[in-house]
Structure formats: C-alpha cells, structure tokens
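First the structure, in the form of structure tokens, and then the observations on it.
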Amino acid sequence: MDQRIIDLYDEYTHAPLPRRVFLERLAALAGSAAAIPAILAAIEPNYARAAIVGEDDTRLAAEKVSFQGATGDVAGYLARPKLADKAPAVIVIHENRGLNAYVEDVTRRLATEGFVALAPDLLSPLGGTPQDPDKARDMIGQLDADKTVNNLVAAMSYLMAYRYSSAKVGTVGFCWGGGMVNRLAIKAPDLKAGVAFYGPTPDPALVTTVKSPLLLHYAGLDQRINAGIPAYDEALKKAGVEHQIYVYDGVNHAFHNDTSAERYNKDAADLAWKRTVEFLKAKLA
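At position 108 of the sequence shown (counting the first as 1) the number is 108 in full-length UniProt numbering, and the numbers step up by one without a gap.
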C-alpha cells in the first residue's frame, strides 16, 4: 500500500481529522472513491479477528472486573493463569480506541505467559468504550490526563492487593497507551517495569522521578512519534533510568496490532513481544 495512505490514516487517527476530510483525501490519493472500501478493509482494525482468540483457553480464568479509581468505578478485563497461586501482575493500557477485543486478546496472551493481566477501560469516566471506534477516539481526547494516570495508579493498587497477585506490578501499553506507560512511570515509583509500544514521549524534564526500568518499542516509519525519541533517550540517560530502545526498521505505527492487516508486521510484532515477555518476567520475578 502507498505509504502516503498509511501516513494519512495515522493523521486521521491521531490528529485527528474529521472522517469526511479523511475520506476526501483518501479518494484523491487512491485516484477514485471506488477504491476506498478495499483500502479501509486493509488498513482499519477489524476487531472480529481478535474477538475469540484464546477465549476458551482452559489454562486461563478471565472475567470482567471493576475497581475504585480516582474518578469513580473503573471497569476492566482481567485474565490470569488458573493454576498459579501467586503471579506477577501487568496492566495493559489500550490504544486510543479504548478497551476492545484486540486489547482483551493481548491481556489473555500475557496470562498464558504466567501473568495476572488487567486491562482497565480508561474511558469508564465517560461511560465506557463504545462500539464505534471513531467515537472512542473522540472520547479519548476528552479525558483529563492527570486523572487518567491516577486511575492507572488505582489499577496498580487493585493488583497489588489482588489475591492471585505477587504484588509486583508492571505495565505494557500501545499507541496512546504507550504514552500513558511513560506518564505512569513518572507518577508511580512503585511501578516495577514499563513497556511502551510506539507511545508518545513525555516532557523530558519530568523523567527525573522515573524509578522503573523501561522497554520502548518504536516503528521505523513512524516519524510523528519518533521525533521525540532522542530527547527522551537523553533525559532517561541523564536521570540514570534503566531503559532499552528498539526501533523496528520498515514498519508502521501499530505494527503489533494484528487486527489491522496493512499496518501489522508479524516479524516485528513477534520479536517485540518476545522481548516484552522476557523483560517483564525478568523485572517482575
């Protein structure tokens, strides 16, 4: 697919552009409106691809939960290995489309690796994640960032007290959620590990409070996010924060999301996931 189309979609999902403007620009790039349905089918997430993966895995216990957050009750999806008395815990922070089937699938993947995994619905203060992903994206923009981080701190407290948790808590986040990993690391000194997939970088001046080791994955073609890497890397070095940065050449933002056929890259996704699981196991042991 023409990289200009992928870049336009990234602008649409993150700037964001109104859908009407996006479709007008897409038609111009594609040469006609007739090509749009096929392009959208390849580039937009299709959460039905993830909706049933692992749901019947007999090794796991999975359920909808809620906990008291800074803004009231926060809903979430929790998965854990059935046979473990105590296991390290991981918060899964969703993209800017909210808590959907892809995020629940990632949560189950972590549970199969031996973690208690909790994916909070950070749109809970606004009524929860809607079915329409574009509406969810718009709602993400209405969230108060500080209150959202406080809800993640509350998720940490919930997991530290959870009966099947070892009380060691890390986090992994994607896109907007990757940015929230960075914010949570700044806010929460008790966080034991943070993994951010193509997350917006924070104000470098704030990283002096970070205590947790960080694993940071970036997409080589993601110019919008990657512009912040050098300053963030330098600030982390100056603050003495243990961190690893990996840039995966030739892949796009959201390369881990296997519900988006055109942006997903299996080789990069598998390697980044392997590194993520190894990192979390080492830091939460």
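Where is the CB? At the ideal position from N, CA and C, for every residue including glycine.
DSSP on residue i, reduced to helix/strand/coil?
i    : result
S124 : helix
T208 : helix
G194 : strand
S157 : helix
Y9   : helix
Y218 : strand
E24  : helix
G178 : helix
L40  : helix
Grab me the residues of residue i's own chain with a C-beta within less than 8 Å of its C-beta, minus the 5 sequence neighbours each way, in chain order.
i    : result
G199 : G173, F174, C175, W176, G177, G178, G179, M180, V181, N182, L216, I225
A154 : F67, Q68, G69, A70, V74
Considering only residues of the same chain and omitting the five flanking positions on each side of residue i, which have a CB-CB separation below 6 Å?
i    : result
A235 : P204, V207
A167 : M160
R25  : L8
P125 : T71
P88  : F115, S166, K168, L284
Rounded C-beta distance between residue i and residue j? I'm assuming under 8 Å.
i    : j    : result
A239 : V195 : Not a contact, Cβ separation roughly 18 Å.
L40  : I5   : That belief does not hold up - the Cβ atoms of L40 and I5 are roughly 10 Å apart, past 8 Å.
D121 : G128 : 5 Å
G170 : A193 : 4 Å
L143 : A185 : That pair is no contact at about 18 Å.
Using a Cβ-Cβ cut-off of 7 Å (strictly less than) and excluding sequence neighbours within five positions of residue i, which residues of its own chain qualify?
i    : result
V103 : V92, H94, A119
A42  : M1, A261, E262
For residue i, does the count of other Cβ atoms within 10 angstroms reach 16, so buried, or fall short, so exposed?
i    : result
I36  : exposed
T58  : exposed
R97  : buried
M1   : exposed
Y246 : exposed
A38  : exposed
Is there a Cβ from chain B that is less than 8 Å from the Cβ of residue i?
i    : result
P189 : Although the question refers to chain B, the structure presented lacks it and comprises just one protein chain.
>> Extract the residue ranges of the alpha helix (DSSP H) inside the segment 67-119, only unbroken runs of 4 or more that lie entirely within it.
In response: 101-112
> If you scan the segment 231-285 from start to end, which runs of the alpha helix (DSSP H) of 4 or more residues do you find wholly inside it?
Replying inline: 266-284
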